[in-house]
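In what follows, a single structure is set out as structure tokens and then discussed.
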Amino acid sequence: MRLEPNQFWTYWEWAFDQRGFLYGGILALILAVLGFLVGYIVATIKHGPAEGFLVVAKIIGQLFTADLPKMSPRRIFAMAKLSFKEALRSRVLVVVAVFVVAIMFAGWFIDPKSDNPAQLYIPTVLFLTNMLVLLMGLFLSTFSIPRDISSKIIYTMVTKPVRPTEIFLGRVFGMIAVGTLTVSIFGLLSYVFITRGLQHTHEIEVMPTDTVAGQTTTYRLHSHTFTLDEQGEGVTDVVKGHRHIVKKVGDKLVVSSQIGDLEARNPIYGKLRFTGRDGEDSEGINVGSISEYLKYVEGDTLSSAIFTFTNVPKDLFENSVTFDMTLDAFRTYKGDIVTPVGGIYFFRSLDGAVETERFGFKVKEGVIDQKTIALDLKSVDGKDINFFTDIAPEGSFELVIRCTDRGQYLGMAQADLYLRAKEKSFEWNFTKGFISIWLQMCIVICFGVMFSTFLSGPVAIVATLSVIVLGMFGWFLDDLTSGELPGGGPVEALIRLPLQSGSVSELDLGSPVVENTIRAIDKGILFSVGLLKNALPNLYDLGTTEFVTYGVNLFEGLLARHLTIAFGYFVMTSIISYFFLKTREMAG
Amino acid sequence: MSTQTPTPAPAAVSTDVIVETRNLGKIYRDFWGRKKVQALKSLDIEIRRGEIFGLLGPNGSGKSTTIKLMLGLLFPTSGRAFVFGKEATDVAKNERIGYLPEESYLYKFLNAEETLDFYGRLFDMPASVRRERAAELIQRVGLQRHRRRQLREYSKGMTRRIGLAQALINEPEFLVLDEPTTGLDPIGTKEMKDLILKLRDEGKTILLCSHQLADVQDVCDRVAILHQGELKEAGRVDALLKVQDVTQIHAKGLSEEAKSKIREIIQQSNSELLKMDNPTTTMEELFLDIVQQSEQRPGARSVGASN
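This is the structure:
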């Protein structure tokens, strides 16, 4: 798992420094202006320009003077309860049975040879939950209002003092309640499936002696080795992402259930900067298109990667400082290909006055390499120092990494090294993963209900499905709308097809005017698609499966950001739905 | 639903106007905005407090369109409709309205209690009031034994009854009843008519739309007759139905001799005798009489007019 830079932002960084609120506001403003224009055009066609304006103004006015302030929680609750009952009585919970059957058979397809079975179990259940919950949200949300309209039940509803805002909110809340129930059931079943699927223990195959390490029996294609301390206790080595505690009970050695496979590492990330071969600040070395994301330091020079940690709470570290790193090696010569590229790391105070001794390491490419150092250690000049007293008195310090092999390079990004604070609860992290899925479902429900206020059920399904697909594969549209994909935009591509023109060659139609016109049209189309894409939710970014799968604590700030985005879409869809419900002839 | 003898008496209609339409018109258009049909043309009517107003007309005459415009389910193409002095599209007016659609459009997965509870909530009623009203209305429409059954199991008559109950949940001042007797058997029809008259006597204003002309005649104070979207006639039922130049005499125990004398008098006064015979009862009265006798004497064959 590799975190994107934007995932580090705290909530307030995202909201203000990165202008999350500003961009949200601009988007809302654009939509409001567009909405007003479309409304005005429709009203003008029906009533003429002057009366059309009055009609639109009246509807907007009523939103703020009557339909919002006079909303009744009891009416909203009535609608929500109705939606909930309707869904349950139409046997929507059959989806739970589908889930149970799916996870019953999922075990057959999980590869027992995997190096880390937890990383197969967790994404399986999260993926299944995600798909089933989104599909359920899609079908629930798009059919209820059209069904009420086609069966004319809406007549008995809107002839009561029910406001359009209440219809939308009631429907959305009711369906979210059904979704919440379903996600909770899925969460519980998933947790049982994962823990029971991973749970195992071993017997003792080789008893440990002073000279020989003990070994467990082989079970599920693996075994562990271990040694015991004087108290007769020990911990096995890590195999398939877990270990066991071995304890002497009477004359027997007892092996515990596995531990460490379901974790929620609590990473504390630092800011990364680089120095060049002369020790001066630089941007790090770019080794080309192999990895734009990573920056490299050159071997056997002063070129360094410096991670600066600030205000690290002391109480998160009891006896030692632990950090994980996942570095990449870029070799300019093969040399001894079996021996990994080497490097050193050391800590130093922010003012650079105190540096610890150098610790050597060999790069384990693509694998999380965990390092632990004691709080009491030696300085670079051999004096006894304490980590928190001398290096990080205020909780701020630097961790410096250099490459020691001449001509070789070590590559890393900000997310590739982090301090490991006290581990967080896996259960809470797992719950947060489900909250992310729940948020996606809420957004889908909001869009589904919104589309159903002006489209028939089947058309609303297609529209909402488009939102899901665009939301899940928005990254493709990002590439497309950047205009950097070879072959040009849609019109250019359409022309290239019959001409059998290669996508990498320049479009040559013999007329620069025609070519430029085509490019201009493409630009306009791609801009519109980009605008549409930005107005739709990026469900892919809202997914946090990787955090749970790879055992990284999902930052509360990121979750809060996702909550804010979901709330923004809720407000947007509420307002759009209001206008459609307000202007729709229910018996028309 | 309790049975009682109907006491149709003209209502003491006030001049307080509950519904007013001014030049009300509606054109239905297709997707492209082209005119499909003009369902209603320049309708001007007033419905006054405390009366039962009948809206009559053949299929496609514009009755349902008129009701939908009054309820805000449709928007007028021309003219305006006011209910309680407010635009028909104003949601606030619905606080004082009860509506029974021509089919009972209700959620089939709810039972009677849940249905009334749901609609009570829509009127923002507290739980205690909802419970009380629901129990009272279920009793009133005679569904006590079926209050826990889902509406999907109801017969058409039962569905009409629960439909009426939901229309009365808020004790409306103005009740719109679209074909209220559709699907009801003669007893149910009579009970419905009794109830409509009772509601009128309680001071409610009722708009009744029906194909059953006999029903309209039985209960309505005033009627409007629509045809092809136009208002053709409007006025008090008794005035509209009165045949001015024909005299009707009902007498009991007349001998043949007396009948001859009456014929002579008519002849002497240069008038024309149109008809003199024994009147027939209505099929409704005959049916209700037989059912009543059957309930009083189970197992015995009823003694009817055929004997």
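Which chain is which? The protein sequence lines are A and B, in order.
Take any residue in the first sequence, note its place counting from 1, add 642, and you have its number in our numbering.
Take any residue in the second sequence, note its place counting from 1, add 238, and you have its number in our numbering.
Backbone N, C-alpha and C fix where the C-beta goes; we use that ideal spot for every residue, glycine too.
### Message
Using a 10 Å radius around the Cβ and a threshold of 16 neighbouring Cβ atoms, would you call I285 (chain B) buried or exposed?
### Response
By 1-based counting over the second sequence, the position of residue 285 (chain B) is 47. The residue in question, I285 (chain B), is buried, as its Cβ has 16 or more Cβ neighbours within 10 Å.
### Query
Do you know offhand how far G984 (chain A)'s Cα is from F972 (chain A)'s?
Translated into positions along the first sequence, residue 984 (chain A) becomes position 342. Translated into positions along the first sequence, residue 972 (chain A) becomes position 330. Rounded to whole angstroms, G984 (chain A) to F972 (chain A) spans 12 Å at the Cα level.
### Query
For V697 (chain A) and chain B, any beta-carbon pair shorter than 7 Å?
By 1-based counting over the first sequence, the position of residue 697 (chain A) is 55. Not closer than 7 Å to any Cβ of chain B, the Cβ of V697 (chain A) fails to qualify, so no.
### Query
Looking only at DSSP bridge pairs, what is N908 (chain A) linked to?
Position 266 of the first sequence, counted from the start, is the residue given in the question as residue 908 (chain A). The partner list for N908 (chain A) (beta bridge, DSSP) reads A:A1063.
### Task
Can you give me, in chain order, the residues of the region 474–486 of chain B that have a beta carbon less than 9 Å from any beta carbon in chain E?
Here chain E cannot be found, since the structure's protein chains are A and B.
### Task
Spell out a yes or no on whether the region 1137–1148 of chain A and the region 1169–1184 of chain A are touching, meaning 3 or more CB-CB pairs, one atom from each, closer than 8 Å.
no
### Message
I want to check one thing, is the minimum distance from the CB of G856 (chain A) to the heavy atoms of the ligand ZN below 6 Å?
### Response
Only the bare structure without any ligand can be found here, which leaves the ligand ZN out of the picture.
### Message
Between which residues of its own chain and T241 (chain B) is the CB-CB distance below 8 Å, once the five residues before and five after are set aside?
### Response
Taking the second sequence and counting its residues from 1, the one referred to as residue 241 (chain B) is at position 3. Below a pLDDT of 50, predicted positions are generally treated as unreliable, and T241 (chain B), at 43, falls in that range; no measurement from the model is reported.
### Query
Closest by CA to V1201 (chain A), which one among A:Y1211, A:A1102, A:G1185 and A:G1210?
Position 559 of the first sequence, counted from the start, is the residue given in the question as residue 1201 (chain A). Reading the sequence as shown, one finds Leu at residue 1201 (chain A) and not Val. Out of A:Y1211, A:A1102, A:G1185 and A:G1210, A:G1185 has the C-alpha closest to the C-alpha of L1201 (chain A).
#### Entry: Option nearest L262 (chain B) by Cα separation, candidates B:E495, B:G467, B:G473 and B:P536
Counting from 1 along the second sequence, the entry for residue 262 (chain B) is found at position 24. When only C-alpha atoms are compared, the closest one is B:G467.
### Message
Using only the alpha-carbon positions, how far apart do S366 (chain B) and F525 (chain B) sit?
### Response
For the purposes of this step, residue 366 (chain B) is taken as residue 128 along the second sequence, with counting starting at 1. For the purposes of this step, residue 525 (chain B) is taken as residue 287 along the second sequence, with counting starting at 1. Cα to Cα, S366 (chain B) sits roughly 41 Å from F525 (chain B).
#### Entry: beta strand (DSSP E) segment containing M967 (chain A), residue limits
Stepping through the first sequence from its first residue, residue 967 (chain A) is reached at position 325. First-last of the beta strand (DSSP E) with M967 (chain A): S962 to M967.
### Message
Excluding the 5 residues flanking D527 (chain B) on each side, which residues of the same chain have their C-beta closer than 7 Å to its C-beta?
### Response
Here residue 527 (chain B) corresponds to residue number 289 of the second sequence, with the count starting at 1. Cβ neighbours of D527 (chain B) beyond the five flanking positions: none.
### Query
What does D362 (chain B) touch in chain A if you count any residue whose Cβ is under 8 Å from its own?
Position 124 of the second sequence, counted from the start, is the residue given in the question as residue 362 (chain B). Neighbours of D362 (chain B) on chain A, chain order: S714, R716, R717 and P803.
### Task
Could you please give me the residues that DSSP links to S991 (chain A) through a beta bridge?
Residue 991 (chain A) sits at position 349 when you count from the first residue of the first sequence. Paired residue(s): A:F1039.
### Task
Provide the residue span of the beta strand (DSSP E) that contains E875 (chain A), from first to last.
To locate residue 875 (chain A), count along the first sequence from 1; it is residue 233. Here the beta strand (DSSP E) through E875 (chain A) covers E875 to V877.
### Query
Closer than 7 Å, CB to CB, is A319 (chain B) near chain A or not?
Counted from its first residue, the second sequence places residue 319 (chain B) at position 81. A319 (chain B) does not count as touching chain A.
### Terminal residues of the alpha helix (DSSP H) in which T824 (chain A) lies
Working through the first sequence from its first residue, we reach residue 824 (chain A) at position 182. Boundaries of the alpha helix (DSSP H) harbouring T824 (chain A): P806 to L840, taken from the DSSP string.
### Task
With a threshold of 16 other CB atoms inside 10 Å of the CB of M521 (chain B), please say whether the residue is buried or exposed.
Position 283 of the second sequence, counted from the first residue, corresponds to residue 521 (chain B). Looking at its Cβ environment, which holds fewer than 16 other Cβ atoms inside 10 Å, M521 (chain B) is exposed.
### Query
Okay, do the region 936–945 of chain A and the region 1092–1100 of chain A touch, 3+ Cβ pairs below 8 Å being the bar?
The region 936–945 of chain A, when compared against the region 1092–1100 of chain A, does not touch it at the 8 Å Cβ threshold.
### Query
CA-CA distance, L831 (chain A) and I672 (chain A)?
Locating residue 831 (chain A) in the first sequence gives position 189, where the first residue counts as 1. Locating residue 672 (chain A) in the first sequence gives position 30, where the first residue counts as 1. Taking the straight line joining both Cα atoms gives about 43 Å.
#### Entry: chain A contacts made by the region 348–359 of chain B, where a contact means CB separation under 9 Å
With the criterion set as a beta carbon lying under 9 Å from some beta carbon of chain A, the members of the region 348–359 of chain B are L348, E352, D355, F356, Y357, G358 and R359, in sequence order.
### Message
Less than 7 Å between CB atoms is the rule here; does V529 (chain B) satisfy it with respect to chain A?
### Response
Position 291 of the second sequence, counted from the start, is the residue given in the question as residue 529 (chain B). Judged by the 7 Å Cβ criterion, V529 (chain B) is not in contact with chain A.
#### Entry: Cβ-based contacts, 7 Å cut-off: residues of the region 1214–1229 of chain A near chain B
E1227, M1228 and A1229
### Query
How long is the line joining the alpha carbons of L914 (chain A) and P715 (chain A), rounded to whole angstroms?
For this step, residue 914 (chain A) is matched to residue 272 along the first sequence. For this step, residue 715 (chain A) is matched to residue 73 along the first sequence. So the two alpha carbons sit approximately 50 Å from each other.
### Query
Along chain B, which residues have their Cβ under 7 Å away from the Cβ of I795 (chain A)?
Here the question's residue 795 (chain A) lines up with position 153 in the first sequence. Ordered by position in chain B, the residues that pass the 7 Å Cβ test against I795 (chain A) are Y343, L344 and Y345.
### Message
For a minimum of 4 consecutive residues, which ranges assigned as the alpha helix (DSSP H) are wholly contained in the region 415–442 of chain B?
### Response
Within the region 415–442 of chain B, the runs of alpha helix (DSSP H) that reach at least 4 residues and sit entirely inside it are, in chain order, 424–439.
### Task
Please report how far the alpha carbon of N928 (chain A) lies from the alpha carbon of M1054 (chain A), in whole angstroms.
Counting from 1 along the first sequence, the entry for residue 928 (chain A) is found at position 286. Counting from 1 along the first sequence, the entry for residue 1054 (chain A) is found at position 412. For N928 (chain A) and M1054 (chain A), the distance between alpha carbons rounds to 11 Å.
### Task
Taking L895 (chain A) as the reference, give the member of A:Y911, A:D903, A:L870 and A:T1225 with the closest Cα.
Indexing the first sequence from 1 puts residue 895 (chain A) at position 253. Out of A:Y911, A:D903, A:L870 and A:T1225, A:L870 has the C-alpha closest to the C-alpha of L895 (chain A).
### Query
alpha helix (DSSP H) containing Q531 (chain B): first to last residue?
Counting from one through the second sequence, the residue named residue 531 (chain B) turns up at place 293. It spans M521 to Q534 - the alpha helix (DSSP H) in which Q531 (chain B) sits, taken as one unbroken run.
### Task
Please compile the residues from chain A whose C-beta is within a distance smaller than 8 Å of the C-beta of E333 (chain B).
Sequence index remark: in the second sequence, residue 333 (chain B) carries index 95 (1-based). Residues of chain A whose Cβ lies closer than 8 Å to the Cβ of E333 (chain B) are, in chain order, P803.
### C-alpha gap between V814 (chain A) and S793 (chain A), whole angstroms
Along the first sequence, one-based indexing puts residue 814 (chain A) at 172. Along the first sequence, one-based indexing puts residue 793 (chain A) at 151. Taking the straight line joining both Cα atoms gives about 20 Å.
### Message
Beta-carbon within less than 7 Å of V767 (chain A)'s beta-carbon, same chain only, minus the 5 sequence neighbours each way: which residues are those?
### Response
Taking the first sequence and counting its residues from 1, one reaches residue 767 (chain A) at position 125. Within the same chain, I745, S832, F835 and I836 come within 7 Å of V767 (chain A) by CB-CB distance, once the 5 residues on both sides are set aside.
#### Entry: Proximal chain B residues relative to E728 (chain A), where beta-carbon distance stays under 8 Å
Against the first sequence, residue 728 (chain A) aligns to sequence position 86. Under the 8 Å cutoff, chain B gives Y345 and F347.
#### Entry: Contact list for F313 (chain B) against chain A, beta-carbon separation under 7 Å
Here residue 313 (chain B) corresponds to residue number 75 of the second sequence, with the count starting at 1. In chain order: E1227.
### Query
In this structure, does DSSP put Y682 (chain A) in helix, strand or coil?
Residue mapping note: residue 682 (chain A) aligns to position 40 of the first sequence, counting from 1. It is helical.
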